[in-house]
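S.K.: According to our numbering, the sequence shown is numbered sequentially starting from 20. For each residue, glycine too, the CB sits at the ideal point set by N, CA and C. These numbers come from a predicted model, not from an experiment.
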Amino acid sequence: MKSIIPKIGIQTGMNLLLILDTIYLYSYSYEKSFTEIGIAHAAGLWAIGLSIFFLSFLKEKNDIPSWNFAISSITSCVTANVIGCIMSGGICFLMLSVHKLFNLKIESQSYLYIVILCNVCLSMFLFLGLLPQKQEKHNTRPLQHSFLNGVIHYLFLPLTGGYLIVLYIYAFRILINWELPIGWVSWLVITLMTGCIVIEFGLYPNRIAQQKRFDNLIARWLPLVILPLLFLMTIGIVRRFNDYGITINRLYLITLNIWCYCVCIILIIIKARRVSWIPISFSIIFLLTSVLPVNYASITKHKIQNEISKIIQTQIPTEDLPFSQDKYTQWLKTFSPERAQQINEKFIYLYEWFGKESISQWIDEDVSLYMLRTEFKNQQETQAIVSYSGAIASNALIGIPVGYKKLQAVHQHQIINKEEQENMLSVKITQENDTVYINYQTLESLSQYKHGEMPPSELKCNSSQKTFILTSFSVDKTKKSMEISIDGYLFSK
20 MKSIIPKIGI QTGMNLLLIL DTIYLYSYSY EKSFTEIGIA HAAGLWAIGL SIFFLSFLKE
80 KNDIPSWNFA ISSITSCVTA NVIGCIMSGG ICFLMLSVHK LFNLKIESQS YLYIVILCNV
140 CLSMFLFLGL LPQKQEKHNT RPLQHSFLNG VIHYLFLPLT GGYLIVLYIY AFRILINWEL
200 PIGWVSWLVI TLMTGCIVIE FGLYPNRIAQ QKRFDNLIAR WLPLVILPLL FLMTIGIVRR
260 FNDYGITINR LYLITLNIWC YCVCIILIII KARRVSWIPI SFSIIFLLTS VLPVNYASIT
320 KHKIQNEISK IIQTQIPTED LPFSQDKYTQ WLKTFSPERA QQINEKFIYL YEWFGKESIS
380 QWIDEDVSLY MLRTEFKNQQ ETQAIVSYSG AIASNALIGI PVGYKKLQAV HQHQIINKEE
440 QENMLSVKIT QENDTVYINY QTLESLSQYK HGEMPPSELK CNSSQKTFIL TSFSVDKTKK
500 SMEISIDGYL FSK
């Protein structure tokens, strides 16, 4: 932008929005679900990232300036980061040499500061300095990239051809056998469509500059060859909706499928003369389905909640809610095992994606949903023997053990597939390569407390330099397996 007033206004406005968003996230309760906020921020970051490459070039006659700027920016970013790594490595080696030669004590944090200064600050300034400016940024001359052109022609096109052959053979097979496609087809078609878009972008500058007939044919008719295969993806998604119902992933997947149809049809109509609209349209659709108050996450949440509400309202009086563990299990047993498993999976999905608040009106906090996941698969073989659970209050104070200096928040889930479990349970802490030990007597005593009233409990670790403070746990023991989930803090000396 050439005018100084719009520059200052936009910079001020954008930074103000960023600060307001930071305050909102800071004040947001950690006990609430971050699903909607997380997806919305991902969509916003994606849109901002893409706008860097396309927003300045909307008035251009073709996409050559945008393409040149994107390649130049990516090259500059890689170059700046490589230089930053070389500088940080060189300076750190020099400091280590001073330490070795002159026996000067150098704090270990000094090496960290050097890495941050070179790999973050220096790389960032180098990147900004390498970016093309003003008229150089709007270079309309197609730049020749022989390496990229060779990769597209001799690697990507044969690979895409392989995907096309496999999918068409599979399509003919299911037509002959008159059967529905499996869900895996969707991932193959998405990969194929991604390859098509990469080929369209990779061929674009060379195709505009040289107008080779083969490149023009590929750019225009490759989408036409892919178009029938998108129908396989559509059938697979519809099948998943009918079998398992609505989820966030499936809503985004069907939207992606419709967008792919539009991309292929438009590329055929406009003869692939412009390609920048492809990521722009993707970004806009992602924003509209994620950032608005009514978005795919909220739609999924309310749809599943309404389904559960209709089932419960026809059978259970309001005063009998929320369910305790026994009442919930007995209620599910009034359905067939398949139907009970479907209902329980709906509760689990809401709990995993939207937190305890989404099911608190029906389910008590002490109810173990995961135990029933296996129970209704085979009630005779996997009937639960015992279940333990407990949690401290959200505002409970946790004392720091004497002699310990560091702590790390831990959430660990583990399934033990054994016929018999020992008296002492061992839970592996993967991020620290350590093990926490807890016996059944401790589990029984802690599970006697009501949810939110359990005291923080100190458990032994494999390492004598560490100890674990348990804040919540859930243990579901069956005849053939045990499912363990623990939360707490790992203290280290």
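(1) Given a threshold of 16 other Cβ atoms within 10 Å of its Cβ, counted over all protein chains shown, does Ser343 qualify as buried or as exposed?
(2) Specify the secondary structure class of Phe146 as computed by DSSP and reduced to three states.
(3) Do the CB positions of Ile133 and Cys111 come within less than 7 Å of each other?
(4) Tell me whether Val446 sits in a helix, a strand or coil according to DSSP, three-state version.
(5) For Ile218 versus Ile171, is the C-beta distance shorter than 7 Å?
(6) What whole-angstrom Cβ distance do Ile411 and Pro475 have, given they're in contact under 8 Å?
(7) Going by C-alpha distance, which of Gln484, Gln30, Phe220 and Pro247 is nearest Asn542?
(8) By Cβ distance, which residues of its chain are closer than 7 Å to Glu493, with the 5 residues on each side in sequence left out?
(9) Assign Thr4 to one of two classes, buried (16 or more other C-beta atoms within 10 Å of its C-beta) or exposed (fewer than that).
(10) Whose CA, out of Gln360, Leu286, Cys480 and Ser464, lies closest to the CA of Thr454?
(11) When you compare the CB positions of Thr54 and Trp372, do they come within less than 7 Å of one another, or not?
(12) Pair every Cβ in the stretch 81-88 with every Cβ in the stretch 143-157, then say whether three or more of these pairs are closer than 8 Å.
(13) Among the candidates Asn458, Val185, Leu307 and Phe233, whose CA atom is the shortest distance from the CA of Ala66?
(14) Using only alpha-carbon positions, find the residue among Tyr370, Asp385 and Ser355 that is nearest to Asp345.
(15) Who does Leu478 pair with in a DSSP beta bridge?
(16) Let me know the secondary structure DSSP gives Phe354 once reduced to three states.
(17) Could you check whether the stretch 347-365 touches the stretch 288-305, counting it as contact only if at least three pairs of C-beta atoms, one from each stretch, sit closer than 8 Å?
(18) If you drop the 5 nearest sequence neighbours on each side, which residues of the same chain put their C-beta closer than 7 Å to that of Arg269?
(19) With H, G and I counted as helix, E and B as strand and the rest as coil, what does DSSP make of Ile435?
(20) Leaving aside the five residues before and after Glu326 along the sequence, list all residues of the same chain whose C-beta is less than 7 Å from its C-beta, in chain order.
(21) Put Tyr407 into one of helix, strand or coil per three-state DSSP.
(22) Grab me the residues of Gln450's own chain with a C-beta within less than 8 Å of its C-beta, minus the 5 sequence neighbours each way, in chain order.
M.R.: Short version:
(1) exposed
(2) helix
(3) yes
(4) strand
(5) yes
(6) 6 Å
(7) Since the first and last residues shown for the chain are 20 and 512, residue 542 lies out of range.
(8) Inspection of the sequence shows that residue 493 is occupied by Ser rather than by Glu. Once the five neighbours on either side are set aside, the close Cβ partners of Ser493 are Ser387, Ser408 and Ser504.
(9) What the structure shows of the chain is the stretch from 20 to 512, and residue 4 is not part of that stretch, so it cannot be assessed.
(10) Cys480
(11) yes
(12) yes
(13) Leu307
(14) Asp385
(15) Phe487
(16) coil
(17) no
(18) Ile256, Arg259 and Phe260
(19) strand
(20) Lys365
(21) strand
(22) Gln427 and Val429
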